[in-house]
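Note sheet for the following structure.
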Amino acid sequence: MLKVLSGAAIIALAAVTTASAADLALKAPPAAPVKFTWTGCHIGGHVGGVVSEDRTTSITGASAEFSSPGFVGGGQVGCDYQFAPNWVIGAEGRAAWMSLENTHAGSVLFSNFGGLTVRVPSHMTVRNDFLASATARLGYVYGERWLVYARGGAAWTREKIDDAFINPAGRASDPDATITRTGWTAGAGVEWAFAAHWSANVEYNYYDFGAKGMLLTGPLNTVTVNSLKDTIHAATIGVNYHF
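All the letters of the sequence shown, read from the start, carry residue numbers 6 to 248 under our numbering.
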């Protein structure tokens, strides 16, 4: 009787062991983490601060420097390709609204007013309300999800200028002009991929639109601006969705 019970126990233990082994065999190994790649396209937005550094130069060579701070906010779209294996090359387009505005004291020269040369004080206002760029970028990947990069390319800004004064006849005059200026930009940044399809970045970009003369027109008077040099510094934070 004892032998029969011992045999039954051994059979039951073997069955339990076999079942446990079968259960272990059915369990799948844990999935490997998905490796992030910078290859692909992205779309996103950015906000930050801007500072302009402008300088006017008169016909006589006298110059006046002025600057102003402002806000910038807009969007971007681009594509990247990762190779070799930690380098990234890509291209991106940006467009943003700005709140740059500066008013500074100036003067307007009337070279022939009743046979006299008359100079009157004025207040010149320079506004930049639009900023766009098309750039290439080259970066290096650290730890798979960190990208350090530099960028450079073409840039555009919309500039509005007016010069308010009282002319020698005693009438208020405010001739103005709106132009779109083309220049270049260069900058650098750091981007962090914090999720499977999302990244955040911090950037600094410098914009140079050169020196340009322009004609301000109005119903009473016209004013020739001999040269206006326009440069902008921008520091932004942004977020991108990668697809």
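Backbone N, C-alpha and C define an ideal beta-carbon position, used for all residues, glycine too. In this text, all values refer to a predicted model and were calculated from it rather than measured experimentally.
What's the gap between the Cα of residue i and the Cα of residue j?
i: P180; j: L114; result: 14 Å
i: G243; j: V52; result: 6 Å
i: A100; j: V93; result: 23 Å
i: T140; j: G158; result: 4 Å
i: Q81; j: G49; result: 5 Å
i: L29; j: K40; result: Below a pLDDT of 50, predicted positions are generally treated as unreliable, and L29, at 48, falls in that range; the measurement from the model is reported next regardless. Cα-Cα distance, rounded: 28 Å.
i: V230; j: M129; result: 10 Å
i: H202; j: Y246; result: 6 Å
i: M103; j: D167; result: 18 Å
i: P126; j: G119; result: 19 Å
i: Y145; j: L152; result: 6 Å
Could you please give the first and the last residue of the uninterrupted beta strand (DSSP E) stretch that includes residue i?
i: S68; result: 68-88
i: G218; result: 203-222
i: R57; result: The question names Arg, but residue 57 in the sequence shown is Ser. Element bounds for S57: 45-62.
i: N245; result: 227-247
i: E106; result: 92-118
Out of the options, which one is the CA nearest neighbour of residue i?
i: P173; options: T236, N117, G148; result: N117
i: G192; options: R156, C84, A110; result: R156
i: V77; options: H238, H247, T62; result: H238
i: R317; options: H247, Y246, D235, S204; result: For the chain, the structure presents residues 6 to 248; residue 317 sits outside this window and is missing.
i: E97; options: M219, G75, E149, C46; result: C46
i: V123; options: G148, Y147, F170, T183; result: F170
i: D142; options: G95, M103, I166; result: Sequence check: residue 142 is Arg here, not Asp. Ranking the options by Cα distance to R142, first place goes to G95.
i: F214; options: F199, T227, L233; result: L233
i: I204; options: V195, N210, Y212; result: According to the sequence displayed, residue 204 carries Ser and not Ile. The candidate whose alpha carbon is nearest that of S204 is V195.
Measuring only between beta-carbons, confirm whether residue i sits less than 7 Å from chain C.
i: T190; result: Any reference to chain C falls outside this structure, which holds one protein chain only.
Just list the residues that DSSP pairs residue i with in beta bridges.
i: K165; result: R132, T183
i: A137; result: A100, W161
i: F170; result: S127, S178
i: R142; result: G95, R156
i: E196; result: L152, N206
Tell me whether the region 103-111 and the region 214-226 touch, counting them as touching only if at least three CB pairs, one residue from each stretch, are closer than 8 Å. The region 103-111 makes no contact with the region 214-226; the number of CB pairs closer than 8 Å stays below 3.
Touching or not, the region 162-169 and the region 127-140, by the rule of three or more beta carbon pairs under 8 Å? They touch, by the three-pair rule.
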